[in-house]
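Residue numbers (my numbering): 12 to 295.
All C-beta atoms, glycine included, are put in the ideal place defined by N, C-alpha and C.
Note that the structure is a prediction, hence the values are computed from the model and not measured.
Notes for the one structure printed next.
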């Protein structure tokens with residue numbers, strides 16, 4: 012019997028316009044009403060994840076920044092696994108060497124040196140995956156990152172690295188030149204104590220080696236007295252693999268790659284066809 016359901020956000024729980032459909036919402040509420048723990052497991056910061064959940068009228072625990080932080084449904088920090096400051100500096104230096112744009116995720120939200128680029132990259136990613144959608148609608152939705160304070164501007168990342176009041180959770184690198192991104196990734200593998208994964212062809216997600224969705228889900232379930240055999244994980248990309256490897260039931264989205272689908276027990280509908288709702292209702 013499934014007692015805990017963990018769902019990725021982008022490409023999974025969220026549709027192409029970065030929203031939680033009514034069908035997904037109702038399935039989650041039904042699961043919660045039946046006493047099942049529903050937890051979001053995302054690469055997003057807590058601020059970005061909770062923003063989307065609140066828009067949908069949902070509350071739940073959140074495994075955020077790929078497992079670097081776990082929060083209760085009330086927003087209390089239950090655990091955190093940051094990158095050391097010297098290691099964060101080394102990551103930033105290597106990405107800069109390869110001319111790769113990156114954002115820094117902290118315990119106080121995500122930061123960028125270039126807010127316009129932070130929006131335009133997200134727009135390009137969504138449009139490339141959904142060419143039939145209205146670019147202006149996508150740009151307006153992506154602009155919420157800046158309008159609603161979901162990503163902050165800093166003049167220098169060193170201000171974050173040098174401030175002991177900030178914990179560095181993740182460095183998120185974007186580049187549409189795959190050869191550049193590959194070279195940067197290979198260079199980063201020379202640094203120990205890092206986990207390097209991806210939530211799309213155009214990015215690298217760099218966290219502490221112990222900050223993985225699967226490890227965080229394992230810790231969350233254990234704290235709730237739930238065996239991993241009683242968990243279900245739903246996702247669509249490489250940063251979900253650590254959950255798939257540990258969950259009792261692994262579910263790939265219909266929009267996931269063949270590589271991801273091959274790893275999972277079940278394949279559900281796409282994120283625009285409310286695949287999360289289908290996966291939840293199947294186990295209720």
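Pairing residue 254 with residue 174, the inter-Cα distance amounts to about 33 Å. By the CB criterion at 8 Å, residue 262 and residue 237 fall outside the cutoff. Between residue 137 and residue 153 a beta carbon distance of about 7 Å is seen, short of the 8 Å cut, so the two are scored as contacting. C-alpha of residue 120 to C-alpha of residue 171: approximately 11 Å in a straight line. If the five residues before and after residue 220 are omitted, its C-beta is found closer than 7 Å to the C-beta atoms of 204, 205, 206, all from its own chain and listed in chain order. Taking a C-beta distance under 8 Å as the contact criterion, residue 80 and residue 95 do not qualify as a contact pair.
For a cut-off of 8 Å, the C-beta gap from residue 202 to residue 106 is around 11 Å, too long to register as a contact.
Just measuring C-alpha positions, the residue of 228, 273, 66, 212 sitting nearest residue 257 is 228. Short of 8 Å from the beta carbon of residue 32, and not among the five residues preceding or following it, lie these beta carbons of its own chain, in chain order: 26, 285, 288. Taking all protein chains shown into account, residue 248 has 16 or more neighbouring C-beta atoms within 10 Å of its C-beta and is therefore buried.
Excluding its 5 nearest sequence neighbours in each direction, residue 216 has C-beta neighbours in its own chain below 7 Å: 54, 77, 181, 183, 208, 209, 210, 250, listed in chain order.
Annotation: the region 89-115 contains the following complete segments of the alpha helix (DSSP H) (minimum length 4 residues), in chain order: 96-108. In chain order, 78, 206, 253 place their CB closer than 6 Å to the CB of residue 223, counting only its own chain and leaving out the 5 sequence neighbours on each side.
Exclusion of the five residues before and after residue 118 leaves 178 as the residues of its chain whose Cβ lies within less than 6 Å of its Cβ. Inclusion of residue 133 and residue 62 in the CB contact set at 8 Å is not warranted, their separation being larger than that value.
Straight-line spacing of the CA atoms in residue 28 and residue 127 works out to 19 Å.
According to the DSSP assignment, residue 198 belongs to the alpha helix (DSSP H) that extends over 189-199.
With a threshold of 16 other beta carbon atoms within 10 Å, residue 83 falls short and is exposed.
For residue 222, no beta strand (DSSP E) run applies, since DSSP gives it neither H nor E. Assignment of residue 57 by DSSP, reduced to helix, strand and coil, places it in the helix class. In its chain, beyond the 5 residues on either side, 260, 261, 262 have a beta carbon closer than 8 Å to the beta carbon of residue 276. A straight line joining the alpha-carbon of residue 230 with that of residue 111 spans about 33 Å. Among the bridge pairs identified by DSSP, residue 214 is matched with 185. Contact between residue 16 and residue 49 holds, with the beta-carbon distance rounding to 5 Å and staying under 8 Å.
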